[in-house]
Structure formats: C-alpha cells, structure tokens
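The structure appears below as structure tokens.
Protein chains: 2
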Amino acid sequence: MAAGAPQASRESELLHEVADAVGGLMEFWGFKRIMGRIWSLLYLRGEPLSAAELCQELAISTGAASMTLTELEHWGVVRRLRPPGNRREYFEAETDIWRMVSRVLRERELTQIERALEVFDRVRDQLVRSASPSEKSRLDDVAERIGRLADLARMGRGLLSAAVAQGKIDLSPLMRFARPRKA
Amino acid sequence: MAAGAPQASRESELLHEVADAVGGLMEFWGFKRIMGRIWSLLYLRGEPLSAAELCQELAISTGAASMTLTELEHWGVVRRLRPPGNRREYFEAETDIWRMVSRVLRERELTQIERALEVFDRVRDQLVRSASPSEKSRLDDVAERIGRLADLARMGRGLLSAAVAQGKIDLSPLMRFARPRKA
DNA sequence: TAGAGATTTCACAAGTTTTTGAAACTTCTG
DNA sequence: CAGAAGTTTCAAAAACTTGTGAAATCTCTA
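Read top to bottom, the protein sequences are chains S and U. The first sequence maps to residues 1 to 183 in our numbering. The second sequence maps to residues 184 to 366 in our numbering.
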C-alpha cells in the first residue's frame with residue numbers, strides 16, 4: 001500500500017478506535033457506551049451528521065440513535081440542528097469539553113452525594129438523640145464514624161461544587177499535566 | 184415508645200440506612216452495591232464480624248458473602264482476620280477512608296485513563312504520519328481534535344496521580360468543606 | 001487421619017440493562 | 001391535503017450482571 005494514502009476505510013477505522021476508547025471511558029463513568037461513541041464520532045468529524053449517517057456508520061438501529069441523541073442533547077453534549085427547508089435533522093458535538101464535564105458533575109455526581117449526605121446526617125442525629133444513658137458512649141462512637149463518612153462526602157461535594165462554580169476550575173494550573181502543544 | 188431507648192432493632196435499622204446509602208454511592212461509582220453494604224456494616228459496627236453474621240444481617244447467600252469479601256480484601260477495603268485456634272474467619276473494615284479511595288483511584292481510574300490515552304496518542308500519530316499531501320490539512324484538523332481529548336485525559340491523569348502520590352492530597356485545604364467537628 | 005466445621009467454587013436462576021425494528025406519529029412538499 | 005421523508009415510541013429479544021445454594025475443597029482438632 002502506498003505510504004501516504006490513508007484510504008477512507010483506514011481513516012474511519014482509526015476514528016472508530018478513538019470513538020470506542022471514549023465509549024469505554026464513558027461507560028466506565030456510568031454512561032452508556034453508545035453515548036460516548038456517538039459524541040466522539042461527531043466530535044472527530046467536526047461537521048454535523050444526520051441520524052441516518054450515524055446509524056450507518058456505527059451500525060446501530062434507528063431507535064437507538066434517536067433515543068441516545070435525545071439523551072445526549074439533554075446532557076448538552078450534542079446540539080440538534082434543524083436546517084430550515086430540510087426535513088432532516090443534523091447533529092453536532094459540543095466541543096467545549098469542560099462545559100460538558102461540569103454539567104455532568106453538577107447534575108449527576110452532586111445530586112448523588114447530596115442524597116447520601118442527607119442520610120448520614122439524619123441517622124447520626126437520630127442515633128445521638130435517642131441514646132439511653134447506658135448506650136450513650138457506644139452510640140457516640142458509631143455517630144463519630146458516621147460523622148467521618150459525612151465529612152468525606154462533604155469534602156467531595158465541596159471539591160465538585162468549587163470546580164463547577166468556577167466554570168473552569170482554573171484549568172491553567174492543571175494544564176501543566178497536559179502534553180506541550182506546538183501551536 | 185420511651186424516648187431514650189433505641190431498641191436494638193431500631194438501631195440496626197438506622198445502620199442499614201447508612202449501609203444502603205453507601206451501597207448506592209458505590210454502585211453509582213461502578214462497584215457492586217453489596218460491596219458498599221458489607222463495608223459499611225463492618226465500618227459502623229467497629230468490630231470484626233464473621234461471614235456468617237454478615238450473611239444473616241444483610242440477608243445474602245454464603246456464596247455472595249465469600250466472593251464479595253474476597254473482592255473487598257483485594258481492594259484493601261476489608262481485612263481478614265484468622266484468629267489462631269479458631270477455624271472461623273472474621274472481617275473488619277479498613278477505617279482509613281482516604282487510603283481506600285486513593286487505592287481505588289490508582290488501580291481503577293488511572294488504568295482506565297491510561298488505556299484511552301494510549302489509543303488517542305497512537306491514532307493521532309498514525310493519522311498525521313500517513314496523510315497524503317492532499318489530505319494533510321483536513322487530517323491535521325482531526326489530529327488537533329484528538330489532541331484535545333488527549334489533553335483532557337492527561338489532565339485527569341495528572342490530577343488523580345498527584346492526589347494519589349501525595350498520599351493524602353493535602354487534605355487540610357480541602358477540609359474547609361467539612362462540617363466543623365467538636366472534638 | 002477421620003470428620004466436623006468453615007470457606008470457596010460454579011452452573012444456573014433471577015434480575016437488569018441495552019438494542020432492535022416495526023408501527024405510530026410528525027413535518028414538509030407538490 | 002395526500003403522501004413521501006424523517007423521527008419517535010415501545011414491546012419484546014438479546015446480552016449482560018448479580019445472587020443462589022449445593023457440592024467440592026480446605027483446615028483444624030481429637
């Protein structure tokens with residue numbers, strides 16, 4: 001094969017590798033694999049694609065495409081374009097990756113932590129309140145341990161909400177971990 | 184009911200609420216719910232329990248208990264005690280929560296990111312190398328986008344490994360999010 | 001070293017999540 | 001407004017995950 005000619009098929013094979021890697025990461029973080037694959041493909045192509053093209057390219061059913069795209073849109077990770085005078089819709093990837101991440105953190109992880117925290121605090125309180133004198137010292141001990149769990153949760157919540165609030169969590173200092181970029 | 188007498192049943196009901204909350208969090212983070220329930224129960228009780236007691240208390244089968252405890256031990260989240268002259272084993276919770284978290288971060292999240300990063304970098308490289316002159320500028324564009332993904336991954340990796348390396352990620356500055364504690 | 005007590009393994013059952021595709025629906029055009 | 005093109009819905013199939021419990025294995029003690 002000629003050295004300098006990555007046939008279309010070779011190129012799309014490579015793009016799929018990336019899409020699958022992102023799919024894997026997202027699945028690991030509790031999303032559907034297919035969400036990651038769709039977003040990546042849109043992101044890498046850099047131009048809007050129709051649902052039909054995505055079905056074709058990723059070998060998924062129309063139903064899956066429709067449902068997943070709606071979900072991605074709801075997460076603000078993909079935008080739906082309805083060109084006037086064209087009954088076909090197109091989709092493009094949100095490219096501000098931090099915006100995506102922070103939205104997810106806010107809506108998913110924070111709620112989850114909040115929920116656990118409520119339980120921790122309420123139970124701790126009830127244990128201490130209702131302790132009979134003879135049980136007091138043992139129950140205080142348990143309460144202390146619950147308190148530690150709650151502290152960890154609060155710490156996580158604090159980190160996440162600080163990150164989210166700052167909009168970009170001051171990416172610059174973190175960027176020292178990034179690969180030096182030419183441009 | 185008398186105000187100051189939390190019967191055993193009431194207490195264990197409360198502890199189960201906490202155990203379930205932790206179970207929920209852990210499930211959310213990609214572990215089995217039962218792992219969180221077992222760890223929490225051990226943690227809250229503060230004393231070693233036998234597998235049989237856990238089966239009883241959490242209403243799970245011996246098989247599930249055995250497998251899950253092995254897994255928890257492997258994660259360094261639970262310790263197995265084999266009192267000499269007693270053929271029954273006991274289990275106790277690791278109580279250094281940060282140690283647990285950092286171990287998980289290191290073994291799970293870091294590996295996952297590393298894996299994706301390899302794909303990103305390799306594909307980017309191959310795309311650029313094999314570009315024919317006519318394709319060059321378009322492919323450079325794609326490569327640039329892959330580069331951004333890789334940067335994000337590197338940033339995540341940097342954050343996690345810095346946290347893990349410092350052993351305690353300098354918990355103090357983060358602790359301002361924690362609930363003020365009396366003691 | 002026999003065997004009682006304890007733990008592990010594993011094939012299978014139960015439960016859950018994901019995907020499919022055909023039918024219903026919506027929207028544009030002639 | 002009929003019908004073609006496109007999208008959504010949803011019930012059921014497939015794939016995957018988790019829990020069960022009886023049999024196999026291990027390990028103390030007498």
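Yeah, the Cβ is synthetic: ideal placement off N, Cα and C, and Gly gets one too.
**Request:** Output, in sequence order along the chain, the residues in the region 203 to 218 of chain U whose CB is closer than 9 Å to any CB in chain S.
**Result:** Listed by position, the residues of the region 203 to 218 of chain U near chain S (Cβ gap below 9 Å) are Asp203, Ala204, Val205, Gly207, Leu208, Phe211, Trp212, Gly213.
**Prompt:** Which runs of the alpha helix (DSSP H), 4 residues or longer, sit entirely within the region 277 to 352 of chain U?
**Reply:** Within the region 277 to 352 of chain U, the complete alpha helix (DSSP H) segments at least 4 residues long are 280 to 287, 294 to 312, 316 to 348, listed from N- to C-terminus.
**isoleucine 34(S) to threonine 68(S) span [Cα, whole Å]** = 8 Å
**Asked** Can you tell me the Cα-Cα spacing of isoleucine 146(S) and valine 261(U), whole angstroms?
**Response** 17 Å
**Prompt:** So which residues on chain S does glutamate 200(U) lean against when the C-beta distance must stay under 7 Å?
**Reply:** Val119, Val123
**Item:** Validate contact between the region 117 to 130 of chain S and the region 196 to 208 of chain U using beta carbons, cut 8 Å, 3 pairs
**Value:** yes
**Asked** Candidates Ser244(U), Leu227(U), Pro267(U): which alpha carbon is nearest leucine 197(U)'s?
**Response** Leu227(U)
**Asked** Can you find a CB in chain S that lies within less than 8 Å of the CB of glutamine 239(U)?
**Response** no
**Request:** Check the DSSP bridge columns for glutamate 92(S) and list the partner residues they point to.
**Result:** Arg79(S)
**Request:** Would you check if the region 315 to 328 of chain U and the region 274 to 289 of chain U touch, i.e. whether three or more CB-CB distances between them fall below 8 Å?
**Result:** no
**Prompt:** With 16 other CB atoms within 10 Å as the buried threshold, where does arginine 264(U) fall?
**Reply:** According to the sequence provided, residue 264(U) is leucine. The question's arginine does not apply to it. Exposed is the call here.
**Asked** Taking just the CA atoms, how far does glycine 30(S) sit from phenylalanine 211(U)?
**Response** 7 Å
**Prompt:** Applying the criterion that 16 or more other CB atoms from any shown protein chain within 10 Å of the CB defines a buried residue, is alanine 348(U) buried or exposed?
**Reply:** Of the residues assessed, alanine 348(U) falls on the exposed side of the cut-off, its CB having fewer than 16 other CB atoms within 10 angstroms.
**Prompt:** Below 8 Å, can you find three or more Cβ-Cβ pairs linking the region 266 to 280 of chain U to the region 232 to 241 of chain U?
**Reply:** yes
**Request:** Provide the residue span of the alpha helix (DSSP H) that contains glutamate 71(S), from first to last.
**Result:** Where glutamate 71(S) is concerned, the enclosing alpha helix (DSSP H) starts and stops at 62 to 74.
**Request:** Inspect the beta-carbon positions of arginine 154(S) and leucine 110(S) and report whether they are closer than 8 Å.
**Result:** Remark: C-beta atoms of arginine 154(S) and leucine 110(S) do not approach each other more closely than 8 Å.
**Request:** Take the Cβ of alanine 185(U) as the centre, count every other Cβ of all protein chains shown within 10 Å, and call the residue buried at 16 or more, exposed below.
**Result:** No answer about alanine 185(U) holds up, because its pLDDT of 45 lies below 50 and its placement is not dependable.
**Message:** Considering only the alpha carbon of each residue, which of Ala19(S), Glu135(S), Leu105(S) lies closest to tryptophan 39(S)?
**Reply:** Ala19(S)
**Prompt:** Who are the Cβ neighbours of leucine 185(S) in its own chain at under 6 Å, not counting the five residues just before and after it?
**Reply:** It is not possible to answer for residue 185(S), since the shown part of chain S is limited to 1 through 183.
**Asked** Whose Cβ in chain S lies nearer than 8 Å to the Cβ of glycine 229(U)?
**Response** Neighbours of glycine 229(U) across chain S, judged by C-beta separation under 8 Å: Asp141, Val142, Arg145.
**Message:** Assuming glycine 368(U) is part of the alpha helix (DSSP H), what are its boundary residues?
**Reply:** In this structure chain U extends from 184 to 366, so residue 368(U) is not present and cannot be described.
**Request:** Please compile the residues from chain U whose C-beta is within a distance smaller than 8 Å of the C-beta of leucine 14(S).
**Result:** Val306, Gln309, Leu310
**Request:** Rank Gly268(U), Leu310(U), Arg220(U) by C-alpha distance to the C-alpha of glutamate 327(U) and give the top, closest one.
**Result:** Ranking Gly268(U), Leu310(U), Arg220(U) by Cα distance to glutamate 327(U) puts Leu310(U) first.
**Message:** Quick check: what's the CA-CA separation for glutamine 239(U) versus proline 133(S)?
**Reply:** So the two alpha carbons sit approximately 29 Å from each other.
**Request:** Could you run through the region 260 to 286 of chain U and flag, in chain order, every residue whose CB is less than 7 Å away from some CB of chain S?
**Result:** Ile280
**Item:** Cβ neighbours of arginine 307(U) in the same chain (closer than 8 Å, five flanking residues each side left out)
**Value:** Ala326, Ile329, Gly330, Ala333
**Asked** If you count every other CB in all the chains shown that lies within 10 Å of the CB of glutamate 11(S), and 16 or more means buried, which is it?
**Response** buried
**Message:** Can you find the residues in the same chain that come closer than 7 Å, C-beta to C-beta, to serine 161(S), ignoring five residues on each side of it along the sequence?
**Reply:** Leu110
**Asked** What residue from Arg270(U), Pro266(U), Gly259(U) has the CA that sits closest to valine 287(U)'s CA?
**Response** When only C-alpha atoms are compared, the closest one is Gly259(U).
**Span separating the alpha-carbon of aspartate 291(U) from that of arginine 298(U)** = Looking at the sequence itself, residue 291(U) is arginine, so the reference to aspartate does not match. Looking at the two C-alpha atoms, the distance is approximately 11 Å.
**Request:** Could you check if arginine 270(U) is buried or exposed, using at least 16 other CB atoms within 10 Å of its CB as the buried criterion?
**Result:** exposed
**Prompt:** Buried or exposed: arginine 129(S), going by 16 or more other Cβ atoms within 10 Å of its Cβ?
**Reply:** exposed
**Request:** With a threshold of 7 Å, establish whether the CB of arginine 82(S) neighbours any heavy atom of the ligand ZN.
**Result:** Judged by which ligands are present, the structure shown has none, so any question about the ligand ZN falls away.
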